[in-house]
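**Student:**
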Amino acid sequence: MPLGFVASPESRAGADIGRCDGGDARCLDTIVVSAKGYADTDLGTPVAVVVAGREAIAGNGYRNLGELLRGRAGLAVNADSAQGQNPVLRGLKKESIVLLSDGMRLNSAQPAGAIASFLGLGLAERVEVIKGPASVLYGSGALGGVVNVLSPQAGFVEAPAIEFGVQADGAARGWGGSGLVRWNDDDTALLLGGAALDQDDYRAPRGRIADTGYRSQALIGQFRQRFAEAVEARFSLQTQRDFDVAYPGSTKPHPHPQVVSTTVYSPQQERRLAEFGLSGSAAADDGWNWDLRVYQQDLQRQIFGRINGPLAAAMPRDLSQTRVSFDTWGGDLRFDRWLNPDHRLLLGLQHWQMEASPQRLIAAPPSFELQPNPPFVDGRIESSGLFVQDDWQGERLHLLTGLRWDRVEGRAAAVAGAAPGQSLARADSAFSGSLGAVLPLHQALHPYASLSRGFRAGEMRERFEASPRTDGYYYLGNPQIRPEFSTQIELGAKGEHAGTEYRLALYRNRISDYITGVDVSGAPGSNGCPPAQANACKQTVNLGQVRIEGVELSLRRQLQPGHWLSLEASMLRGENRDLDEPLFQMPADELSVGWDGHLGTLFGGRLDGELLLRAVRAQERVARQFSRGTENPTAGFATADAGLSWQRGPHRLRLLLRNLADREYHEHLTEGLSGAEPPAPGRSLQLSWLARF
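Going by our numbering, the letters in the sequence shown line up with residues 1475 to 2167, in that order.
(1) Would you call residue 1916 buried or exposed, if buried means 16 or more other Cβ atoms sit within 10 Å of its Cβ?
(2) Which residue wins for smallest C-alpha separation from residue 1667, given the options 1684, 1687, 1714?
(3) Tell me which same chain residues have a C-beta within less than 8 Å of the C-beta of residue 1992, skipping the five on either side of it?
(4) From which residue to which residue does the alpha helix (DSSP H) around residue 1936 run?
(5) Where does residue 1786 fall in DSSP's three states?
(6) Please list the terminal residues of the continuous alpha helix (DSSP H) segment that includes residue 2099.
(7) Residue 1823 to residue 1694, Cα distance in whole Å?
(8) When DSSP labels each residue in this structure, what does residue 1640 get in the three-state scheme?
(9) Can you give me the start and stop residues for the alpha helix (DSSP H) that residue 1609 sits inside?
(10) What do you get for residue 2107, buried or exposed, if any count of 16 or more other CB atoms within 10 angstroms of its CB means buried?
(11) Look at the Cβ atom of residue 1707, then the Cβ atom of residue 1752, and state whether they are nearer than 9 Å.
(12) Using the three-state DSSP reduction, which class does residue 1757 fall into: helix, strand or coil?
(13) Could you pull the DSSP bridge partners for residue 2012 from this structure?
(14) Rounded to whole angstroms, what is the Cα-Cα separation between residue 2170 and residue 1509?
(15) Closer than 8 Å: is that where the CB of residue 1871 sits relative to any heavy atom of the ligand NAD?
(16) Excluding the five sequence neighbours on either side, which residues of its own chain have a C-beta within less than 8 Å of the C-beta of residue 1574, listed in chain order?
(17) Starting from residue 1528, trace the alpha helix (DSSP H) in both directions and tell me its first and last residue.
(18) Return yes when the Cβ of residue 2079 is within less than 9 Å of the Cβ of residue 2121, no when it is not.
(19) Looking at residue 1937: is its Cβ nearer than 9 Å to the Cβ of residue 1886?
(20) Considering only C-alpha positions, which residue in the set 1828, 1859, 1725 is nearest to residue 1781?
(21) Please identify the residue among 2095, 1547, 1827, 1578 whose C-alpha is closest to the C-alpha of residue 1605.
(22) I'd like the list of long-range same chain contacts for residue 2097, defined as Cβ closer than 7 Å, with 5 residues on each side in sequence excluded.
(23) Beta carbon of residue 1739, beta carbon of residue 1556: below 9 Å?
(24) Should residue 1641 be labelled buried (16 or more other beta-carbon atoms within 10 Å of its own) or exposed?
(25) Among 1987, 1988, 1986, 2010, which one has its Cα closest to the Cα of residue 1996?
(26) Tell me the DSSP secondary structure of residue 1592 in three-state form.
(27) Within 10 Å of its beta-carbon, does residue 1855 have 16 or more other beta-carbons around it, so buried, or fewer, so exposed?
(28) Run through DSSP, which three-state label would residue 2006 get?
(29) What do you reckon, are the CB atoms on residue 1794 and residue 1830 nearer than 9 Å?
(30) When the Cα of residue 2031 is compared with those of 1576, 1846, 1983, 1972, which residue comes out closest?
(31) Across which residues does DSSP place residue 1828 in a beta bridge pair?
(32) Are the beta-carbon atoms belonging to residue 1977 and residue 2029 less than 9 Å from one another?
(33) On the three-state DSSP scale, how would you describe residue 1958?
(34) For the alpha helix (DSSP H) containing residue 1913, name the first residue and the last one.
(35) Taking Cβ to Cβ, would you say residue 1889 is nearer than 9 Å to residue 1901?
(36) So, is residue 1495 buried or exposed, given that buried needs 16 or more other C-beta atoms within 10 angstroms?
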């Protein structure tokens, strides 16, 4: 597992498993918010989850979700740049994952780096990952699961009033910093925070990798006012601005000799989020708790295609320039109450709508003058959902059931290349559901089983935009695309007792009406693709079925007082049942083994050490027909990381040496031309300091 991931006091209900005595049964279970929509124990939840707290994030200098989650059981990373490292949950990528910021959906079309690029971790307090379909609580898109990035909150409980952090990275010659201030009295609370990151092109064993540097700035603020003991109002602001972000994995050849190839980059992109909320607590044990919020979010992108050939040397210019703002308004209302001491009911209503109208300029020979060519006009997706969840926690059996209804509508005023008379609007309704059971046999043994159904309506790019994709084809949008549905069955077991913590899960996920592309390649003019892409053209359609099945294990065992062994293992198989071949871009099998332990005292502070070995198997199961040979096998690799941490009072220093052997490798899911994928960073010395007062 990533160094420092488990040693996270924020992920515990009062105690850290990494510091518990091996004979102490009082080590408390991990608390999770996102799995049920309210705080509850992981052991009592029939869902596979991953939790990381502030010390694991800031103390290790993790800059994005990919860096944080890489190596965890059931998780992988789809990378197209140093910043655009998107999480992959059980083999499903960014289109099939719901990303949340404090429970609010980040909506966007999904071009290069779309998910991870907008949510850095400089100010993240906690990250929760729900693996598997989660549409009951989160609606369309949650086929692979949910990633919820939780920010620090202003509040009326004891918490560090001031926090500062600094990180330095040798491979990228970069630095980062963050600061946070909290204040409260009896009825008013305030929080302000800021973070910045500046890194150069990182070093790999072969040398510096171009287009991997970028800069980022983030600010957060929150004000809370308590009007009565049971009623509270909040107002929150978040903003993140990134500069000079390039996606080297997007580099593709171009047939014109003066262009040679193009690379997608973003001179500037920005996310702004504003939230207003009201919440109330029940005056009695059998009363209703409630929470109401409305939010507005803008994701502004500049998506340019840079010319890499002789034309750029003579006069630097772009082959394309797209400027777009994805504007979302949303709101939700939730009620929950205890029907009796073992029975809890949750009711919810959610609504959001996203609008976008990209302004695109395209250059074409012989003059290469940029000319307007918008992919679509006034695109809009609107979603409304109702759900109910019943949580019964008996002494011998826990049952969690949920049911949800959604209506999703997409429409546009105009779509480039649409057939005459083609309808540009489509609305779909869908039901999602879940049924899970946990047998609390012992603190060391909680077997569970779950059956869940999720769905995903087509996102804006799949509906309305014609553009190239990562499998080497040019895709045509389809305004009439139908939703896809997933049905997953999962069997597992969880336990925490006497110095041992483990999570085991086996699952099978079947997806029907799978949204993908069918090959319509031909001579120029025979399909809707531009002439230069006509021989590698796909139409976005619904196909039959795909199936993903796997097994994952997380284990942590105390070897002796103060010394721990950890293990993370993942194996999955994806199958395209229409083409009878492996599913495109499936993560490779992998195993991570780590040790962390107490080394002694230094300068009056506690000194701990860590060692992590990660082995990734060669991925030879590739989609040859679907990708037309653009997905090739990837060699296996092994890496080793080592670290030291020193803690004295509120100060924590951490020294990490990553990729000890300076091994050159790339993950199978790294985007790029086959054989030219950007390699991972080489040997890197990283230093971080975190102080909380």
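We treat Cβ as the ideally placed atom computed from N, Cα and C, and that holds for glycine.
**Tutor:** Looking at the atomic coordinates:
(1) exposed
(2) 1714
(3) 2012, 2013, 2015, 2017
(4) 1934-1938
(5) helix
(6) 2098-2101
(7) 27 Å
(8) strand
(9) 1609-1612
(10) exposed
(11) yes
(12) coil
(13) 1949, 1993
(14) Nothing can be reported for residue 2170, as the shown portion of the chain is limited to 1475 through 2167.
(15) No copy of the ligand NAD occurs in the structure displayed, which carries no ligand at all.
(16) 1508, 1580, 1612, 1620, 1621, 1622, 1623
(17) 1528-1532
(18) yes
(19) yes
(20) 1725
(21) 1547
(22) 2050, 2055, 2056, 2057, 2058, 2105
(23) no
(24) buried
(25) 2010
(26) helix
(27) buried
(28) helix
(29) no
(30) 1972
(31) 1802, 1855
(32) yes
(33) strand
(34) Where residue 1913 is concerned, there is no enclosing alpha helix (DSSP H), given that its DSSP letter is neither H nor E.
(35) no
(36) In this prediction, residue 1495 scores a pLDDT of 35, lower than 50, which makes its location untrustworthy; no coordinate-derived value is stated.
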